[in-house]
Amino acid sequence: MSVSAASAGTGVFVLSLMSIPICYLFNSLIANSAQAFIFAGCSTVIIILSIAHFMFKKKAPADPLFYVYAVYAFFSVVNLIIGLEQDNIIDGFVTFYLRQADPHINTAHGHMISYWDGCVHYLMYLLMIAAITWGDSYRAIGLYWVGSFLMRAIVYILGSTVGKHGTEVNYFFLLHMLYISVSIWACFRIFSQPSTQEDELAEAEQKSLLHRPLDLLFIIYLVPAFAFCVFRGLVVLDCSSTWCQEYTQQYEPYLKDPTAYPKAQMLVGMLYSGPYYIITLYGLMVPGCEWMPDLTLVHSGALAQAQFTHICASLHTRTPFSYRVPAGGQPVFLLVNILYALMPQALCYRCLTRPAFFLRPTPDKKTD
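Here it is, written out as structure tokens:
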């Protein structure tokens, strides 16, 4: 790794922190008009590109995702500022934006997305930028980001178009579509990178399921996890079952929030996580499923983002009181949802650290 590449990575970190004074400056200067806000936004992009060109000239790596993540890191800090100002921790940085922005940003779901993007995604961008500058592979962290991004994008589009704010879609929604389009291109770039798994197959891993107690534990977990995601999908589809109605009233009334973001999230979970659990059952029982580590990475990223947003939004004061988790149901709600979020992370860790069971034997190994 060259010193110039390292300085480019440091430059991205410095550039992202410049969003703090830039937000404060524009909030102080902008008049109360949407046109002025659009002008300020365009000016911000021009400033970012100008500073980036000056800082990274003859220093930045050739990977185009370096520049994408540099810009995303900048806006991640902006999202963190948005979350902090919405909670009245700071003031005077994005006040005008919060009045003019997409209605999604002022919902409990959008509020939690701001924190997730400002903390978790920001850390991912810095890690991937560091890996690019060091010449290392960032495919694993990239796939985790892909899952998180896809969950966020699908729920945002569905919730914004069919919820109570569906009639309030404005030009900020179109700008968000531009961000989603660029991110989808980045997803394909990450998927196209070669896997870093070692091409070996340990005989010790070719054991029956009874001799792999950890995998057996994961299989036992996948069955109730599949049932849980299908159950919550049925709840948001207004299932008339007594179990569904009692669960909604006692533990998760947020599923009925009229913003439709929790409904969209549960439907995505039922339609995508449900099949994932079935496929993963097969992958844990049959050796040679090379796609397992990548699949668990994407799903664990998606579920981490989804569960963080769902748990926090269910308890946050931005959610109307009638849709928040009742005090008596909070222990069960937290226990179930935190376990539901953590187990995919543990399964992903197992697949990445001990991938031999999922690798196919090479022709040489078969001959031996």
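In UniProt numbering, the protein residues as written are 1 to 368. We treat Cβ as the ideally placed atom computed from N, Cα and C, and that holds for glycine.
Self-check item: residue 222 versus residue 28: straight-line alpha-carbon distance, rounded
Solution: 52 angstroms
Exercise. Using 10 angstroms around the beta-carbon of residue 85, count the other beta-carbons present and answer buried if the total reaches 16, otherwise exposed.
Key: buried
Practice problem: Please name the residue in 340, 10, 310 and 304 whose C-alpha comes closest to that of residue 133. | Solution: 10
Self-check item: Minimum C-alpha distance to residue 176 - residue among 210, 243, 103 and 139
Solution: 103
Self-check item: Per-residue DSSP class, three states only, for residue 138
Solution: coil
Self-check item: Spatial neighbours of residue 145 in its chain, beta-carbon cut-off 6 angstroms, leaving aside the 5 residues before and after
Solution: 124
Quiz item: Considering only residues of the region 273 to 329, which uninterrupted alpha helix (DSSP H) runs meet the minimum length of 4 residues and lie entirely inside it, listed in chain order?
Solution: 274 to 285 and 292 to 315
Exercise. Could you tell me whether the region 241 to 252 touches the region 278 to 289, using the rule of 3 or more Cβ pairs below 8 angstroms?
Key: no
Practice problem: Taking the CB atoms as reference points, tell me whether residue 73 and residue 122 lie closer together than 8 angstroms. | Solution: yes
Quiz item: Which residues bound the alpha helix (DSSP H) around residue 27?
Solution: 19 to 29
Quiz item: So does the region 62 to 77 actually touch the region 90 to 97, counting three or more Cβ pairs closer than 8 angstroms?
Solution: no
Practice problem: State yes or no: is the C-beta of residue 267 within less than 8 angstroms of the C-beta of residue 236? | Solution: yes
Quiz item: Are the beta-carbon atoms of residue 218 and residue 347 separated by less than 8 angstroms?
Solution: yes
Quiz item: With DSSP run on the structure shown, which of helix, strand or coil describes residue 405?
Solution: With the chain running from 1 to 368 in the structure shown, residue 405 is simply not present.
Quiz prompt | Host alpha helix (DSSP H) of residue 112 (start-end) | solution = 108 to 116
Quiz item: In the structure shown, what three-state DSSP assignment does residue 202 receive?
Solution: Note that residue 202 scores 47 on pLDDT, short of 50, meaning its location in the model is unreliable and no value can be drawn from it.
Quiz prompt | Span of the alpha helix (DSSP H), counted from its first residue to its last, around residue 105 | solution = Careful: residue 105 lies outside any alpha helix (DSSP H) and carries neither H nor E.
Quiz item: How would you call residue 302, buried or exposed, if buried means at least 16 neighbouring beta carbons within 10 angstroms?
Solution: buried
Quiz item: From 93, 225 and 314, pick the residue whose C-alpha is nearest to that of residue 275; which is it?
Solution: 225
Quiz prompt | Whole-number beta carbon distance between residue 70 and residue 129, since they are thought to touch under 8 angstroms | solution = 7 angstroms
Quiz item: Would you report the Cα separation of residue 200 and residue 293, rounded to the nearest angstrom?
Solution: Note on residue 200: pLDDT 47, under 50, position unreliable in the model; the coordinate value appears next. Their backbone Cα atoms lie some 15 angstroms apart in a straight line.
Practice problem: Using alpha carbons as the reference points, say which of 318, 136, 184 and 338 lies closest to residue 257. | Solution: 318
Quiz item: For residue 212, does the three-state DSSP call read helix, strand or coil?
Solution: coil
Practice problem: Consult DSSP for residue 244 and reduce its assignment to one of helix, strand or coil. | Solution: helix
Exercise. Kindly give me the distance between the Cβ atoms of residue 261 and residue 159, rounded to whole angstroms, as I take these residues to be in contact under 8 angstroms.
Key: 4 angstroms
Practice problem: Starting from the Cα of residue 161, find the closest Cα among 263, 339, 341 and 336 and give me that residue. | Solution: 263
Quiz item: Does the Cβ-Cβ distance between residue 353 and residue 109 come in under 8 angstroms?
Solution: no
Practice problem: Determine, using beta carbons only, whether residue 143 and residue 332 come nearer to each other than 8 angstroms. | Solution: no
Quiz item: Are residue 148 and residue 193 close, meaning C-beta to C-beta below 8 angstroms?
Solution: no
Practice problem: Starting from residue 181, follow the alpha helix (DSSP H) in both directions and report where the run begins and ends. | Solution: 171 to 191
Quiz item: Quick one, are the C-beta atoms of residue 305 and residue 139 less than 8 angstroms apart?
Solution: no
Quiz prompt | Collapsed DSSP secondary structure at residue 258 in the structure displayed | solution = coil
Exercise. Please name the residue, chosen from 343, 157 and 126, that lies closest to residue 220 on a Cα-to-Cα basis.
Key: 343
Exercise. For residue 307, count neighbouring C-beta atoms within 10 Å of its own C-beta (all shown protein chains included) and say buried if the count is 16 or more, exposed if not.
Key: buried
Quiz item: Among the residues of its own chain, which have a CB less than 7 angstroms from the CB of residue 101, if the five just before and after it don't count?
Solution: 172
Quiz item: Taking residue 135 as the reference, which of 13, 8 and 113 has the closest Cα?
Solution: 8
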